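A.B. asks:
In the working numbering, the protein residues as written are 999 to 1776.
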């Protein structure tokens, strides 16, 4: 134990040793909060003799829970008896223990967003509404009501002045009834039903609150009102609540997180003690200067200043591109250069405020064979063929799950028509049975013999699978589901799509196999839980690719090199921040989070003009760059300045040619821009290069470096003195990704040479001769 405590700095040690009562640790970015949490739990168990089973640790991602469990397993015995889980996973465990007290069977299904949307749409149609705008409003209001923990009638009363609230709550009420009939809960219900249990059932509260003598909550700033109340109730018996968080990293207000939960901790928990962790172990001094400089402009925060014993490191760079393509190309060239200095693709992240900005990066990275992955996109378990298999497994686990039954009733095709399905659902509703039970009650259905025969075959399939599910492990069961259902017949041809879908099914089987290997004697419900509760961040791994992501999706992660893109007004910060102080402060916290993801190098980029939402417009520099101007050497723009006057754009009329009607004015303005750009940033070509303080055109971005590290990945770096004269119009080339093409025109010269290459079926691609993975073939 002494060895564990000796690893802590003095500020970390204080809250670890303070074990009784309410304790709040304000842990700045990179300050070692996970070490503090695990050390405190180990101290409580080893030194105070507390049973591990009386310790609860709540995290906000499955990945964090897994890491904490692994760390504690190395520090103490019987760590597996602790509850170390996300708050949703904790609620699942509690609800399975007390499901009958809330009117549910303990094998209730958990609906993902897809299933939830399907049931809402079904409820909407049953109310005989057909307005798509109303349906969209219904979905938003149901999510909002659940987040606030309000039922249909409560929500209607509190929002009486909202247009269409009666219709909205009619659908909401019917949606709730469908869930109850299906013995199902959606993601938000896991929280609200747990809160209902703890609030209304004194015996359940005493059992649970009495069991957990010490409660630990990570990322406390991200709790919403329902989560906060659950934690408060669980701590009523012993009062030992240890909360760790950072108000400066509260960035989820849009989904209900209340920064007040952490700011008012001392007020809400009388006698609470507060500690600050300000020493950062992640980033360089120069990066932390930027983080401190931007966040100090927020008024709603607890004062703290990050510091580090790390070295000064590289100064951050600020790059202003003419267009978003130039912005992305700057990033590609910088990555190419740093790859030649020993970095790996997995060291890089391009972070942005909105997903719409990824297009130019995907385009440029594809040109130069830079591997990348976009986070926040389509995930494995959301693919149709995987959702179908999951539906079969959900039926086996919970035959009352009518949504799952109707999903796969024709997967694969069985010739069961929509009218037959409607008869089934109507009969189930009238008799208060599940659709599964309705299928097994065929004699009572007003259907012809052919339809009954098809339903009987489907019913026998489900019944046999449910019987197998009682005896088989999940890895055995999934093979029976695939074989008995005949689902592979849907992908019997050799098309690319079918090959990919079959590969996905194989990978799904593999995922269950791995789960069963890691979780001996695991139940099917355990596997379904971990699938439903997985998140984008949990899927991130260490393979070699550049991460393209929104800032929200990488919270808690870190990268050696970070590019923060799109630093323009109405993007970062978003437009609504201009009229709402609270929104602006959350946007600034988002900027702070982005900066503190960087360990060694940090680049800020923006585009002077950007094509977004269907049109190209001139942009204004983000106010956050203005707040950092003294450290970045960027000119701080006064509020309301005109972007058109920047770098010689004054007085030119915008149009399709470079943004202007008058071609001559455009060319003069663009030349003025180039001259000013060359002076400020050391440009010597039409292509972006690094700031002159760090790079020169002769050697920038790998020009004078060996290509050994990056060549296997396809980035085409060149040796000094390479002859570019062979790249000219009419020459045939081969690109590693696009195949064969022909150069139709060129511009620039030397390492700044740009090629316009026509590829069959792909059109013309504009490529940097220096970077592109191309070779001359004739």
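From the three backbone atoms N, C-alpha and C, an ideal C-beta is built for every residue, glycine too.
Only a predicted model underlies this, so the values are computations on that prediction, with no experimental measurement involved.
Roughly how many angstroms lie between the CA atoms of residue 1380 and residue 1726, to the nearest whole one?
C.D. replies: Each residue's Cα considered, the two are about 46 Å apart.
A.B. asks: Can you give me the C-alpha to C-alpha distance between residue 1095 and residue 1069, rounded to a whole angstrom?
C.D. replies: The alpha-carbon atoms of residue 1095 and residue 1069 are separated by roughly 28 Å.
A.B. asks: Does residue 1248 come out as helix, strand or coil in the three-state DSSP assignment?
C.D. replies: Reduced to three states, the DSSP call for residue 1248 is coil.
A.B. asks: Leaving out five residues on either side along the sequence, give the residues of the same chain with a beta carbon under 6 Å from the beta carbon of residue 1250.
C.D. replies: Contacts found: 1220.
A.B. asks: Which term fits residue 1550, buried or exposed, when burial requires 16 or more other beta carbons within 10 angstroms of its beta carbon?
C.D. replies: So residue 1550 ends up on the buried side.
A.B. asks: Would you kindly report the start and end of the unbroken beta strand (DSSP E) that includes residue 1178?
C.D. replies: Careful: residue 1178 lies outside any beta strand (DSSP E), inside the alpha helix (DSSP H) at 1163-1179.
A.B. asks: Strictly by DSSP, which residues pair up with residue 1505?
C.D. replies: Bridge partners of residue 1505: none, in fact.
A.B. asks: Hey, out of 1619, 1019 and 1424, whose CA is closest to residue 1124's CA?
C.D. replies: Considering only alpha carbons, the answer is 1424.
A.B. asks: What separation, rounded to the nearest whole angstrom, lies between the Cα atoms of residue 1342 and residue 1561?
C.D. replies: The straight-line gap from Cα to Cα measures roughly 15 Å.
A.B. asks: Since residue 1740 sits in a beta bridge, which residues does DSSP pair it with?
C.D. replies: DSSP, once it has assigned bridges, lists 1730 and 1756 as partnering residue 1740.
A.B. asks: Tell me residue 1773's beta-bridge partners as DSSP assigns them.
C.D. replies: Note: residue 1773 sits in a beta bridge opposite 1732.
A.B. asks: Between residue 1247 and residue 1584, what straight-line distance do the alpha-carbon atoms span, to the nearest angstrom?
C.D. replies: Each residue's Cα considered, the two are about 9 Å apart.
A.B. asks: Spatial neighbours of residue 1130 within its chain, please: CB distance less than 7 Å, with the 5 preceding and 5 following residues excluded, ordered by chain position.
C.D. replies: Excluding positions up to five away in sequence, the list is empty.
A.B. asks: Evaluate contact between the stretch 1284-1300 and the stretch 1310-1319, counting only Cβ atoms and requiring at least three cross-stretch pairs below 8 Å.
C.D. replies: They touch, by the three-pair rule.
A.B. asks: Compute the distance between the beta-carbons of residue 1214 and residue 1054, then report whether it is under 8 Å.
C.D. replies: Closer than 8 Å, so yes.
A.B. asks: Cβ atoms of residue 1599 and residue 1556: under 8 Å apart, would you say?
C.D. replies: No, the Cβ-Cβ distance between residue 1556 and residue 1599 is not below 8 Å.
A.B. asks: Tell whether a beta-carbon distance below 8 Å holds between residue 1621 and residue 1322.
C.D. replies: No. Outside cutoff.
A.B. asks: Going residue by residue through the stretch 1243-1315, where are the continuous beta strand (DSSP E) segments of at least 3 residues, counting only ones entirely within it?
C.D. replies: Those beta strand (DSSP E) runs which fall completely within the stretch 1243-1315 and span 3+ residues are 1271-1275.
A.B. asks: Measure from the alpha carbon of residue 1758 to the alpha carbon of each residue in 1774, 1731, 1154 and 1514, then state which is nearest.
C.D. replies: Answer by Cα proximity: 1731.
A.B. asks: Could you check the C-alpha separation between residue 1205 and residue 1045 for me, to the nearest Å?
C.D. replies: One C-alpha to the other measures close to 25 Å.
A.B. asks: When the Cα atoms are used, what is the spatial distance from residue 1158 to residue 1411?
C.D. replies: The straight-line gap from Cα to Cα measures roughly 46 Å.
A.B. asks: Just to confirm, are residue 1755 and residue 1766 a CB contact at a threshold of 8 Å?
C.D. replies: No, Cβ-Cβ distance for residue 1755 and residue 1766 is not below 8 Å.
A.B. asks: With a Cβ-Cβ cutoff of 8 Å, do residue 1245 and residue 1280 count as a contact?
C.D. replies: Going by C-beta atoms, residue 1245 is not nearer than 8 Å to residue 1280.
A.B. asks: Go ahead and pull the three-state DSSP assignment for residue 1645.
C.D. replies: Only weak support exists for where residue 1645 lies, its pLDDT of 31 falling under 50; the coordinates are left without a value.
A.B. asks: When the Cα atoms are used, what is the spatial distance from residue 1592 to residue 1275?
C.D. replies: Distance between the alpha carbons of residue 1592 and residue 1275 is about 19 Å.
A.B. asks: The ligand GDP and residue 1526: does any heavy atom of the ligand fall closer than 7 Å to the residue's C-beta?
C.D. replies: This structure lacks the ligand GDP; in fact it carries no ligand of any kind.
A.B. asks: Taking 8 Å as the limit between beta carbons, can you name the residues of its chain near residue 1162, skipping five residues before and five after?
C.D. replies: So the list reads 1132 and 1135, once near-sequence residues are dropped.
A.B. asks: Ordered along the chain, which non-local residues of its own chain (more than five positions away) have a Cβ less than 7 Å from that of residue 1466?
C.D. replies: So the qualifying residues of the chain are 1475 and 1478.
A.B. asks: Buried or exposed for residue 1031, going by 16 or more other Cβ atoms inside 10 Å?
C.D. replies: With 16 or more Cβ atoms within 10 Å of its Cβ, residue 1031 is classed as buried.
A.B. asks: Since residue 1543 and residue 1369 should fall inside the 8 Å C-beta cutoff, what is the C-beta to C-beta distance between them, to a whole number of angstroms?
C.D. replies: Right, their Cβ atoms sit about 4 Å apart.
A.B. asks: Using the C-alpha atoms, what's the distance from residue 1408 back to residue 1059?
C.D. replies: Roughly 35 Å between the two C-alpha positions.
A.B. asks: Along the alpha helix (DSSP H) that carries residue 1530, what are the first and last residues, could you check?
C.D. replies: 1522-1530 is the span of the alpha helix (DSSP H), which, as asked, contains residue 1530.
A.B. asks: Around the C-beta of residue 1262, are 16 or more other C-beta atoms found within 10 angstroms, so that it is buried, or is it exposed?
C.D. replies: Exposed, by the Cβ-count rule.
A.B. asks: Cα-Cα, which of 1364, 1107 and 1740 is closest to residue 1398?
C.D. replies: When only C-alpha atoms are compared, the closest one is 1107.
A.B. asks: Determine which residues share a DSSP beta bridge with residue 1321 and list them.
C.D. replies: Paired residue(s): none; residue 1321 is not in a bridge.
A.B. asks: Report the partner residues of residue 1341 according to the DSSP bridge assignment.
C.D. replies: None; residue 1341 has no bridge partner.
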